[in-house]
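Student: Numbering (the working numbering), first residue to last: 2 to 1167.
1. Unbroken alpha helix (DSSP H) runs of length 4 or more, entirely within the segment 264 to 351: which are they?
2. Measuring straight from C-alpha to C-alpha, what distance separates residue 990 and residue 954?
3. Are residue 687 and residue 812 close, meaning C-beta to C-beta below 8 Å?
4. I'd like to check one pair, residue 646 with residue 1037: are the Cβ atoms closer than 8 Å?
5. Report the partner residues of residue 1000 according to the DSSP bridge assignment.
6. Take the Cβ of residue 586 as the centre, count every other Cβ of all protein chains shown within 10 Å, and call the residue buried at 16 or more, exposed below.
7. Distance check for residue 545 and residue 553, CA to CA, integer angstroms please.
8. Determine whether the beta carbon atoms of residue 353 and residue 432 lie at a separation below 8 Å.
9. Determine contact between the segment 396 to 413 and the segment 369 to 383, defined as no fewer than three beta-carbon pairs at a distance below 8 Å.
10. How far does the alpha helix (DSSP H) with residue 1091 in it reach, from first residue to last?
11. Tell me whether residue 383 sits in a helix, a strand or coil according to DSSP, three-state version.
12. Quick one: what does DSSP say residue 768 is sitting in, helix, strand or coil?
13. Determine which residues share a DSSP beta bridge with residue 259 and list them.
14. Would you kindly work out how many angstroms separate the C-alpha atoms of residue 253 and residue 281, rounded to a whole number?
15. Let me check one thing: in DSSP terms, what residues is residue 830 bridge-paired to?
16. At the level of alpha carbons, what is the spacing between residue 225 and residue 882?
17. Label residue 1102 either buried or exposed according to how many other C-beta atoms from any shown protein chain fall within 10 Å of its C-beta, with 16 as the threshold for buried.
18. Just grab the DSSP bridge partners of residue 357 for me.
19. Since residue 798 contacts residue 930 with CB under 8 Å, what's their CB separation in whole angstroms?
20. Can you list, in chain order, the residues of its chain with a C-beta nearer than 7 Å to that of residue 465? Leave out the 5 residues immediately preceding and following it.
21. Hey, out of 724, 1060 and 703, whose CA is closest to residue 714's CA?
22. Can you tell me which of the three DSSP states residue 415 falls into?
23. On the premise that residue 444 lies in contact with residue 411, defined as a C-beta separation below 8 Å, what is that separation, rounded to the nearest angstrom?
24. Enumerate in chain order the residues of its own chain whose CB-to-CB distance from residue 902 is below 6 Å, with the five nearest sequence positions on each side excluded.
25. From what residue to what residue does the beta strand (DSSP E) around residue 219 run?
26. Taking C-beta to C-beta, are residue 265 and residue 255 nearer than 8 Å?
27. Would you call the segment 647 to 666 in contact with the segment 874 to 890, where contact means no fewer than 3 C-beta pairs closer than 8 Å?
28. Within 8 Å, do at least three Cβ pairs link the segment 822 to 835 to the segment 940 to 947?
29. Let me know if residue 1 comes out buried or exposed under the rule of 16 or more other beta-carbons within 10 Å of its beta-carbon.
30. Does DSSP put residue 572 in a helix, a strand or coil?
31. Tell me whether residue 140 is buried or exposed, calling it buried when 16 or more other Cβ atoms sit within 10 Å of its Cβ.
32. If we ignore side chains and look at the alpha-carbon of each, how far apart do residue 493 and residue 486 end up?
33. Could you give the C-beta distance for residue 428 and residue 482, rounded to a whole number, given that I count them as a contact under 8 Å?
34. CB residue 949 to CB residue 986, shorter than 8 Å?
35. Does the distance from the CB of residue 795 to the CB of residue 904 come in under 8 Å?
36. Less than 8 Å between the CB atoms is what I'm expecting for residue 749 and residue 726, so what's the real figure, rounded?
Below is the structure:
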């Protein structure tokens, strides 16, 4: 009989593993040990309380209801056992024992409400949820509170409430002024007590309304590994925690992390590079609007502070992670010094709250009773406890976590892995004046994420004053068009035909304006795309954390609950040790499941990468590679305002970005509108575009560029055929004739993209502007007309945005000047000029006047003015768009004309200062080296540098360009010290700092003209790139050829950037070769040595033979050709053309070798 019962219980436990009953069954089944299995099972079911009750009211005593439900389930399989089982159960409070022959009545057992919250309706709703969960037909509730739920005239001792379930529970009407209860419905006759438990309904979330209490928590999570942050967020959401101070997070760096799929945002702070210590705050999105600032002491990774708006006082919550009690005294002194400094920096009017792992045992001595109460777990203080008490006394604070009485299970905050040693070392310190505001301070044993610390909960009556309002989901029209369908020839033809039909039906308008013409073309394109292509669905990629990970973590939590039950019930030591082992095994299994799932997701990406490489889809190939390399970079919804306070409300964040870009894109005006060159003006004519030219421009547009405010991407124009070209030609002709442009073409959408560093700072973002693609056709038409003038006007000192010019020209030239002067024993004075907001401060009228005075056709200048004036911007951030604002200065962001306009403006400011360099060792005149706005001035003497810098500053001001204080000064000299060099360069009222090293165009310039720091930095950068590529280079799912492609495109350029200017010796060559060979060996992989019975790395020569990678020395061997070409010393072939020819030659050799191998049936060389 017991064998049959055993099988029944096992089957039920497997099918209901995640239900409350299934967890109790798992615990009771382990503790039965075969001795009176059924008796022990029934006994434990009546004694053990559920710790994870999935209902809004967690104080329900479900023990008898669970036991009765189990009896009803077993009765269907072994009816003869029910009578014996019922006899082991205590009688219900109402005195009536249900006969064992009625399973429906057996399932309808008693729920006792120990405490019902002040809101009686919550209690009734919880009772309904529990009754439906366990299929209870009749629910008898005794000792009901408050009395208003039942007839007030009923004596307290006999107050009961009977509820019948019929589909949905029929609740009694709440008594009003002595009214009677509502009549119950009759129980259904066909209720099947043996059917399995229904899935638990999602737990009710108490809304974070203004005025709601602040639920603070502290938790030492002991490292947030893969998947742990999602389980942490789920646990906090289950317990409705508002703000949680986390310790021992072990995340390097500092930043903000939004938990995907959970209503929490984490503010973390840790060691700059190592996975050690670290603190964090997990903040519910409902109170993000109350966050003022996140303070992260740079000298300590054990402390951080979160300032919030609250009423009646602002709060400053400090998360602490103290050294262990046995740590060195110096380490403890440093920690408490940093803690006192952080607490002293709390803003005026804000009250500090200290939460965290203090490693402090506080005793129950009489002398500390006024500071810590008498309800601590420990009798005496340890050393850390005494330090904490001294801190509380010095700062007029109290240890709130040891002041209120509660059970021992609610006092413990740390439990050893064997479950034997227990301590209270996590505490909550609050100002004495705030002590009464904390109504509850307790540990939460139910919460578990695999840490040996328990979560400490502190409920405060102070409430955040600002709340977060979720943004509305994006509408269907905000989604991009499904332009991928245009790869299908049939769809492309259908789109073209439909667009041609719509354009042919546009109404004829006499003397149409550019706006009317564009509105007709835009509406036709959008209508055709909507009808034929449609729009893309949700583009958010699936996260690797799936249901299997969640299930494994839930099983770990259930094992932890079972262990806590056994410890509370004081079971034998061998049983507790077995349960500890089960819990540890569950933890390992959960970690293993999360790691396997994450690895499987990465492997799927690697398979996709290989597929893209085989079909030669380079864009998708490198996009997947970037997604595997990146560890951060997504924008966050929290940003700092102009006053330094944190903004989290979407409307406030969007307004902050609008103000930021408005200030950025509107620079101060120039000082004058003088014309630097000839005042000759030519009206002239500008040739209008032909249809073929328009089609050529449309074909050259980037297919993957994002659309502007009109939402029309380039492929919709490119597949529109000649009809779209004719329509755009008509619009451009009208613009030239009337001098007006469509208003939508004047609008752009700047978007902030994250760079590095703290992403709550606006300065750590770079902006890109999205323009209408149709406007770019017009801009490229102007570009073609202006290019001949720009080629003639812009001097050779400028290498940016010019054909057959690159950073290599300026790097080689600067290195040559420094080397020649170093060999001649001459000092060289350099000024690296930084223009503040260079592109956004160009004075447009000064640019127009310069173009007119330099011989550009006045008609063309007027067309340029039309394209630039009256422009406006609206910031797009995370799916929302701000209000538009006017932009009155600077070149147009995102405009194809912007680089050329800036070059012309800089030429107007510096053109008269540029003198061609004859010999690098003789600087009769200071040399100018410019790459866009990166300007280097090289002079022979300090006084010459001051003079040319003064002229640069004055001339640049006429075009709105201002030299930034970030400008640096350097002296390259053989002499160790020279007082004449000075510490800084003084130019009028401006002082520029002197530096020993400076990174110019990505290369390191040293004051001793040494290449060693630069080559070390290059190899280190290649090593970092190598580590980011490790998943690609290790995996066998990616072919060797694909790995070589990644190596040549990502790692080699990182190492050899600027190598054309290097002078090498054996030591430098060995350093570079080691950096490259390490990556190539990883790409090819090891080989098994049968004699040594182990895997060994291939030789460097074999790796290069298998990968067919060109020798890195070829780039350095072009040094002389680059130098003579750049300096113009003698006639030399163009290095750009030589590099292209060399690449073609290597490709031809590889193809020939591959063809020869295939003809001999040897397969590919690799």
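The beta-carbon is built from N, C-alpha and C at its ideal position, and this holds for glycine as well.
Tutor: With the structure as the only source:
1. Whole alpha helix (DSSP H) segments, 4+ residues: 330 to 345.
2. Along the chain shown, read from residue 1 onward, the residue named residue 990 stands at position 989. Along the chain shown, read from residue 1 onward, the residue named residue 954 stands at position 953. Near 12 Å, if we compare the C-alpha coordinates of residue 954 and residue 990.
3. On the chain shown, position 686 is the one that residue 687 refers to. On the chain shown, position 811 is the one that residue 812 refers to. Between residue 687 and residue 812, the CB-CB gap reaches or exceeds 8 Å.
4. Taking the chain shown and counting its residues from 1, the one referred to as residue 1037 is at position 1036. Taking the chain shown and counting its residues from 1, the one referred to as residue 646 is at position 645. Not a contact, by the Cβ cut-off of 8 Å.
5. As a position in the chain shown, residue 1000 is number 999, starting the count at 1. In DSSP, residue 1000 forms a bridge with 1005.
6. Here residue 586 refers to the residue found at position 585 when the chain shown is read from its first residue. It is exposed - the Cβ of residue 586 has fewer than 16 other Cβ atoms within 10 Å.
7. As a working note, residue 553 is residue 552 in the chain shown. As a working note, residue 545 is residue 544 in the chain shown. Computed Cα separation, rounded: 14 Å.
8. Here residue 353 is taken as the residue at index 352 of the chain shown, counted from 1. Here residue 432 is taken as the residue at index 431 of the chain shown, counted from 1. Going by C-beta atoms, residue 353 is nearer than 8 Å to residue 432.
9. yes
10. Working through the chain shown from its first residue, we reach residue 1091 at position 1090. Where residue 1091 is concerned, there is no enclosing alpha helix (DSSP H), given that its DSSP letter is neither H nor E.
11. Position 382 of the chain shown, counted from the first residue, corresponds to residue 383. It is coil, neither helix nor strand.
12. Working through the chain shown from its first residue, we reach residue 768 at position 767. It is a strand residue.
13. Position 258 of the chain shown holds residue 259. DSSP output for residue 259 lists 266 as bridge partner(s).
14. Numbered from its first residue, the chain shown carries residue 253 at position 252. Numbered from its first residue, the chain shown carries residue 281 at position 280. Their Cα atoms are separated by approximately 11 Å.
15. The sequence position of residue 830 within the chain shown is 829, counting from 1. Note: residue 830 sits in a beta bridge opposite 940 and 972.
16. Here residue 225 refers to the residue found at position 224 of the chain shown. Here residue 882 refers to the residue found at position 881 of the chain shown. The straight-line gap from Cα to Cα measures roughly 35 Å.
17. The residue labelled residue 1102 in the question sits at position 1101 within the chain shown. That one is exposed.
18. As a first step, residue 357 is located in the chain shown; it is residue number 356 there, counting from the start. DSSP, once it has assigned bridges, lists 321 and 428 as partnering residue 357.
19. Within the chain shown, residue 798 is the residue found at index 797, counting from 1. Within the chain shown, residue 930 is the residue found at index 929, counting from 1. Indeed, because the Cβ distance is near 6 Å, the residues count as touching under 8 Å.
20. Translated into the one-based positions of the chain shown, residue 465 becomes position 464. Cβ neighbours of residue 465 beyond the five flanking positions: 215, 288, 291, 309, 310 and 311.
21. Position 713 of the chain shown, counted from the first residue, corresponds to residue 714. When only C-alpha atoms are compared, the closest one is 703.
22. Taking the first residue of the chain shown as position 1, residue 415 is located at position 414. For residue 415, the secondary structure class from DSSP, reduced to helix, strand or coil, is strand.
23. One-based indexing of the chain shown puts residue 411 at position 410. One-based indexing of the chain shown puts residue 444 at position 443. Contact flag correct, Cβ pair sits at about 5 Å.
24. Within the chain shown, the letter at position 901 stands for residue 902. Excluding positions up to five away in sequence, the list reads 892.
25. By 1-based counting over the chain shown, the position of residue 219 is 218. 215 to 221 is the extent of the beta strand (DSSP E) around residue 219.
26. Position 264 of the chain shown, counting from 1, holds the residue named residue 265. Position 254 of the chain shown, counting from 1, holds the residue named residue 255. Not a contact, by the Cβ cut-off of 8 Å.
27. yes
28. yes
29. No information on residue 1 is available, as it lies outside the stretch 2 to 1167 that the chain covers here.
30. For the purposes of this step, residue 572 is taken as the residue at position 571 of the chain shown. Of the three classes helix, strand and coil, the one that applies to residue 572 here is coil, per DSSP.
31. For the purposes of this step, residue 140 is identified with residue 139 of the chain shown, where counting begins at 1. Unreliable placement is indicated for residue 140, whose pLDDT of 41 sits below 50; the coordinate value is still reported in the next sentence. With 16 or more Cβ atoms within 10 Å of its Cβ, residue 140 is classed as buried.
32. As a position in the chain shown, residue 493 is number 492, starting the count at 1. As a position in the chain shown, residue 486 is number 485, starting the count at 1. In a straight line, the C-alpha of residue 493 is about 7 Å away from that of residue 486.
33. Position 427 of the chain shown, counting from 1, holds the residue named residue 428. Position 481 of the chain shown, counting from 1, holds the residue named residue 482. Incorrect: roughly 58 Å between the Cβ atoms, too far for contact.
34. As a position in the chain shown, residue 949 is number 948, starting the count at 1. As a position in the chain shown, residue 986 is number 985, starting the count at 1. The answer is no: Cβ separation not under 8 Å.
35. Looking up residue 795 in the chain shown gives position 794. Looking up residue 904 in the chain shown gives position 903. Yes. Within cutoff.
36. By one-based count along the chain shown, residue 749 stands at place 748. By one-based count along the chain shown, residue 726 stands at place 725. With 8 Å as the limit, residue 749 and residue 726 do not qualify as a contact, their Cβ atoms being about 24 Å apart.
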